[in-house]
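Have a look at the structure below, then the notes.
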Amino acid sequence: MSLATLFTAAFLVPLFQTTLRSTTILLLTALGGMFSERSGVVNIALEGMIIFGALTAAVSAQLLEAPYVAKHPGIHIWWIPWVAVLLAMIVGGFIGWIHAVVSIKYKADQIISGTAINLLAAGLPSLVLVYFYDNATNSAEVTNRLPQWFGFSPLVYLAFALVPITWYVMFKTPWGLRLRSVGEHPEAADTMGINVFRTRYTAVIISGMLAGLAGAYLSIGLLNQFVRNMSAGQGFIALAALIFGKWHPLGVLGSTLLFGFAKALAIQLGGSDIMPPTIIEAFPFVITMLVLAGFVGTSRPPKAIGKPYEK
Amino acid sequence: MNRLWLALTSVIFLLLLAISPWAVAMRAFGGKGVLITIWGTLDLYGHARAMPDVSWLGYFTVFWVVLALVAAALAFVPNAKSRARYYYILGLVGLAVFALEAFLFYHAVWAANDAAVAAGARRPPLKRYSLSLGAYASLLYSLLLLMIGRLQLPGGRALLVRWRGVVVPVVSMLLAMVAGAVVVWILRDVKLPEHASLLNYYTAKLDLVTYTFQLLFGPLLTASGWFQSLLIATPLIFTGLAVAFGFQAGLFNIGAPGQLTIGAIMAMLVGVHLASAHWFAGLPYGVARAIFLPLSILAAAAGGALWGAIPGWLKARYGAHEVINTIMMNYIAASVFLFMIASNEYTFFGKWTLHMPFKFPGYEGRSYEVAQSARIPLMVNLFGFHQDASGAWTGSLSWALPLALVALVVAYVLLKRLEMGKRLLLALGASVVGYFIGGFLPGIPMHLSSRLASVRLNGAFIIAAFAVAFYNYYMWRTRDGYELRAVGLAPKAAEYGGISIAKKTILAMAISGALAGLAATHYVLGGGIDEYRLKQSLPTNVGFDGIAVALLGQNTPIGVFLSALLFGVLSTGGLQLDLQLGISRELVMMLQALIVLFIAAGGFLPRYFTDPILAAQAEEGVQGVL
Numbered sequence: 001m002s003l004a005t006l007f008t009a010a011f012l013v014p015l016f017q018t019t020l021r022s023t024t025i026l027l028l029t030a031l032g033g034m035f036s037e038r039s040g041v042v043n044i045a046l047e048g049m050i051i052f053g054a055l056t057a058a059v060s061a062q063l064l065e066a067p068y069v070a071k072h073p074g075i076h077i078w079w080i081p082w083v084a085v086l087l088a089m090i091v092g093g094f095i096g097w098i099h100a101v102v103s104i105k106y107k108a109d110q111i112i113s114g115t116a117i118n119l120l121a122a123g124l125p126s127l128v129l130v131y132f133y134d135n136a137t138n139s140a141e142v143t144n145r146l147p148q149w150f151g152f153s154p155l156v157y158l159a160f161a162l163v164p165i166t167w168y169v170m171f172k173t174p175w176g177l178r179l180r181s182v183g184e185h186p187e188a189a190d191t192m193g194i195n196v197f198r199t200r201y202t203a204v205i206i207s208g209m210l211a212g213l214a215g216a217y218l219s220i221g222l223l224n225q226f227v228r229n230m231s232a233g234q235g236f237i238a239l240a241a242l243i244f245g246k247w248h249p250l251g252v253l254g255s256t257l258l259f260g261f262a263k264a265l266a267i268q269l270g271g272s273d274i275m276p277p278t279i280i281e282a283f284p285f286v287i288t289m290l291v292l293a294g295f296v297g298t299s300r301p302p303k304a305i306g307k308p309y310e311k
Numbered sequence: 312m313n314r315l316w317l318a319l320t321s322v323i324f325l326l327l328l329a330i331s332p333w334a335v336a337m338r339a340f341g342g343k344g345v346l347i348t349i350w351g352t353l354d355l356y357g358h359a360r361a362m363p364d365v366s367w368l369g370y371f372t373v374f375w376v377v378l379a380l381v382a383a384a385l386a387f388v389p390n391a392k393s394r395a396r397y398y399y400i401l402g403l404v405g406l407a408v409f410a411l412e413a414f415l416f417y418h419a420v421w422a423a424n425d426a427a428v429a430a431g432a433r434r435p436p437l438k439r440y441s442l443s444l445g446a447y448a449s450l451l452y453s454l455l456l457l458m459i460g461r462l463q464l465p466g467g468r469a470l471l472v473r474w475r476g477v478v479v480p481v482v483s484m485l486l487a488m489v490a491g492a493v494v495v496w497i498l499r500d501v502k503l504p505e506h507a508s509l510l511n512y513y514t515a516k517l518d519l520v521t522y523t524f525q526l527l528f529g530p531l532l533t534a535s536g537w538f539q540s541l542l543i544a545t546p547l548i549f550t551g552l553a554v555a556f557g558f559q560a561g562l563f564n565i566g567a568p569g570q571l572t573i574g575a576i577m578a579m580l581v582g583v584h585l586a587s588a589h590w591f592a593g594l595p596y597g598v599a600r601a602i603f604l605p606l607s608i609l610a611a612a613a614g615g616a617l618w619g620a621i622p623g624w625l626k627a628r629y630g631a632h633e634v635i636n637t638i639m640m641n642y643i644a645a646s647v648f649l650f651m652i653a654s655n656e657y658t659f660f661g662k663w664t665l666h667m668p669f670k671f672p673g674y675e676g677r678s679y680e681v682a683q684s685a686r687i688p689l690m691v692n693l694f695g696f697h698q699d700a701s702g703a704w705t706g707s708l709s710w711a712l713p714l715a716l717v718a719l720v721v722a723y724v725l726l727k728r729l730e731m732g733k734r735l736l737l738a739l740g741a742s743v744v745g746y747f748i749g750g751f752l753p754g755i756p757m758h759l760s761s762r763l764a765s766v767r768l769n770g771a772f773i774i775a776a777f778a779v780a781f782y783n784y785y786m787w788r789t790r791d792g793y794e795l796r797a798v799g800l801a802p803k804a805a806e807y808g809g810i811s812i813a814k815k816t817i818l819a820m821a822i823s824g825a826l827a828g829l830a831a832t833h834y835v836l837g838g839g840i841d842e843y844r845l846k847q848s849l850p851t852n853v854g855f856d857g858i859a860v861a862l863l864g865q866n867t868p869i870g871v872f873l874s875a876l877l878f879g880v881l882s883t884g885g886l887q888l889d890l891q892l893g894i895s896r897e898l899v900m901m902l903q904a905l906i907v908l909f910i911a912a913g914g915f916l917p918r919y920f921t922d923p924i925l926a927a928q929a930e931e932g933v934q935g936v937l
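Each protein sequence line maps, in turn, to chains A and B.
Its first residue numbered 1, the first sequence is counted upward by one per residue in the working numbering.
Its first residue numbered 312, the second sequence is counted upward by one per residue in the working numbering.
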């Protein structure tokens, strides 16, 4: 394979498509994480939330369709994947709520609480899979996946549409202003009559719901089943993208596109002799470290991030 | 409030006594048992051939009911001192009665077995018999009464707060176990005989839950179970110490997986490629061993230290948060690892080709074998046993290791007057002398069971024990350790005291990384992944498990050791769980995660347990805190 083949449509079109698809997961997750972190709660549990979302979507879609598929194999029912997506968001939100209770109400170290959720996401799915499918590594295959609109899942469009929406909510609405003030200076926000706890709870739950949505896209949008550890660190990459994007929707769009492109490139170049994919895969992590150290622009986190609020 | 809690626990205790199986007379492989409850026998097995005589159980049940009622009534005794005395008496009586019950039960089982054998049975019909949840509940209730007695006296609750380092993890673990029990209850169905009542259903479910935890803790009962548990605990001790070391200095090192990976790569480079390089081919084996074994262990530590020091430096120099950086370094390490071990040839831009010598030919991603001189021997070898040509284990129990240990302890205790550094050095010297003297003494001829010999517990465990001792010594007996803890507790105060936070951060991350890197000695040099190679299946996740170990152990050396052992036991028991009940081993992972979550939430205990300032006030007896 020579360098010239890199500039042909046969290489570039799938590269473009894969980029959009891998960006979607990162974008949804990172935008969710932005709500949580802007409100002052570190959300290292994004990885676990994706996994729980993916598990819920695949298992619920499979269980919902099972009676219909048993009668008419291969039948397509339009509402099943959407119900599954909704359930994935609810479960993601529930995991977010757990993170919120432990780190806001019980004032735990937010990083430890998040780590616990990630550990939980490494163990619990296997138990669920064994219960339903007698198989510890993957769920049964789902027939009713999310539909494709013009070659992409609707969630891809949604993810990109969420960028301006998030920007509007965060910077142009009173609620967004309150959220940011809670993350920057909770004492001042409290004096102004803003309910710090409730704002943080809402933000963390929203972040869980969006991560759950990303998980649903992963299991019934991209693939057609849940596979153990299928997230493979994308929650952490999303976290990195959030930092690289300076906790701003447009920055996050840019950084997730870059990281999604790196991932797509690694997939497309797999097996070729241009560049070993392992090197390209490490690229987002190196970039994030350089950004954090201030070599490539500076990134300032919300001031009150990581600190439990004492009333 | 106190009275309410007491009434509630008494009711729960009586309920457990009524519903749960009191003992199990026998159990088949797979869990089906013959359950003894206070109402009679519930036979889930189907064709029990013998039964122990437990007709006395009814009297004891009446006793426990009376005990619980008396305990509840005692809450209304006005004088705290006499209340405490009565609870002590009740608790002690309860313990004595429990002991009597246990004795009677096991006696009855043995009698039934003897009778069956005498009647012509080929082997004793009752197997896997044990007490069960009902009996355990009465034991716990008695202990609880003793504790309540202590709580009645002045300063009772302050005492609990003083012991919060034990109370919080234990409460969190119990809560996690309850959550695990609920999961098992939901996951597994029970098969009941026909016409079974609802009560029988609950009894069978509770039996399943109890058996699950009996299996999980089962390895504590056999020698090979202990060996296997220590085997799994060895890397956890290293990574747990690594995380704990960071915590003491106020740093959260999530990078143990990456540090472990780089440590493993360095150990591989030295142990495989340097040790079998042709320049050293002429060295006698003894000399090569004296050089390459320590060198490859140090290489593992150095690799981890490097990978830990980088985020430390980034934090000290640029203020970049170590959590994000260590996570990133984990993935970079994984990429480096994959790059080295998955293939030997890479082409860049279709022109330049890179050749590497690391991957062993074949489908699987693994390195070449570690040179003989750099291998860490198995514990059974260290104890003086060796495998002969037919594969049987022969030899005699050597005095070398026991004598080394005795010499170490004796010298350490006797040299109390010396300064700490010299004391340690001399103690180590004494242990080496003890090792050699013991080696020359004739050993005790012994037969080694093949089950015990098949456990690949290796010398890395001894390194882990030394790492625990090092952590204890360095953190609490040296000036550097004191300064590290000062930085962790109050960075600003430490800086005013003249401590350089930047230097301490780098140092702490480097040592933390080195401890994580040492876990690689177990996997690569000790043959922890079945072969003396670095394999792609290197279980880097133990780096994350280290977080759970450090938290459960509350960052103390003995706590880290014990919690690593606990997780080792649970993982070993998880194997049986999978075999017998078909419950996935991931239950253990779930328990670990819940323990971390609950400890993070302070075991859901009141704030004066978790907040250091409030806790100190509670200990001092400041009014209004408790």
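Just so it is clear, CB atoms sit at the ideal spot from N, CA and C, and this is done for glycine as well.
Owing to the predicted nature of the structure, the values given are computational and were not obtained by experimental measurement.
Got a sec, what are the start and stop residues for the beta strand (DSSP E) residue i sits in?
i: B:Met-337; result: 334-338
i: B:Gly-706; result: 704-708
i: B:Gln-698; result: 696-698
i: B:Val-345; result: 344-348
i: B:Phe-659; result: 656-659
Between the alpha carbons of residue i and residue j, how many angstroms are there, rounded?
i: B:Ala-711; j: B:Leu-693; result: 8 angstroms
i: B:Leu-729; j: B:Ala-700; result: 50 angstroms
i: B:Ala-831; j: A:Val-13; result: 44 angstroms
i: B:Met-639; j: B:Thr-658; result: 26 angstroms
i: B:Met-312; j: B:Gly-467; result: Low confidence applies to B:Met-312: its pLDDT is 45, below 50, so where it sits in the model is not reliable, and the reading given next is rough at best. Between B:Met-312 and B:Gly-467, the C-alpha separation is close to 15 angstroms.
i: A:Pro-301; j: A:Leu-239; result: 12 angstroms
i: B:Gly-593; j: B:Ala-827; result: 34 angstroms
i: B:Val-501; j: B:Leu-519; result: 8 angstroms
i: B:Ser-299; j: B:Glu-794; result: This structure cannot settle anything about residue 299 of chain B, because the visible part of chain B is limited to 312 through 937.
i: B:Leu-881; j: B:Tyr-447; result: 19 angstroms
i: B:Gly-574; j: B:Leu-829; result: 7 angstroms
i: A:Val-227; j: B:Leu-863; result: 30 angstroms
i: A:Lys-97; j: B:Val-493; result: The sequence shown places Trp at residue 97 of chain A, not Lys. Computed Cα separation, rounded: 20 angstroms.
Under a CB-based cut-off of 8 angstroms, is residue i close to chain A?
i: B:Gln-903; result: yes
i: B:Tyr-273; result: No statement about residue 273 of chain B is possible, as the shown extent of chain B runs from 312 to 937 and does not include it.
i: B:Glu-931; result: no
i: B:Leu-470; result: no
i: B:Val-880; result: no
i: B:Glu-897; result: yes
Measure from the C-beta of residue i to each C-beta in chain B and report whether the shortest distance is under 8 angstroms.
i: A:Tyr-168; result: no
i: A:Val-130; result: yes
i: A:Glu-281; result: yes
i: A:Gly-294; result: yes
i: A:Pro-302; result: no
So is residue i buried or exposed if we call it buried at 16+ other beta carbons inside 10 Å?
i: B:Ala-588; result: exposed
i: A:Lys-263; result: buried
i: B:Val-479; result: buried
i: B:Ala-534; result: exposed
i: B:Pro-753; result: exposed
i: A:Asn-135; result: exposed
i: A:Val-42; result: buried
Since residue i and residue j should fall inside the 8 angstroms C-beta cutoff, what is the C-beta to C-beta distance between them, to a whole number of angstroms?
i: B:Gly-582; j: B:Ala-682; result: 6 angstroms
i: A:Ser-139; j: A:Val-59; result: 6 angstroms
Within 8 angstroms of any Cβ in chain D, is that where the Cβ of residue i sits?
i: A:Ser-219; result: As a matter of chain content, chain D is missing from the structure shown, whose protein chains are A and B.
For the alpha helix (DSSP H) that residue i lies in, which residues bound it at each end?
i: A:Thr-166; result: 154-172
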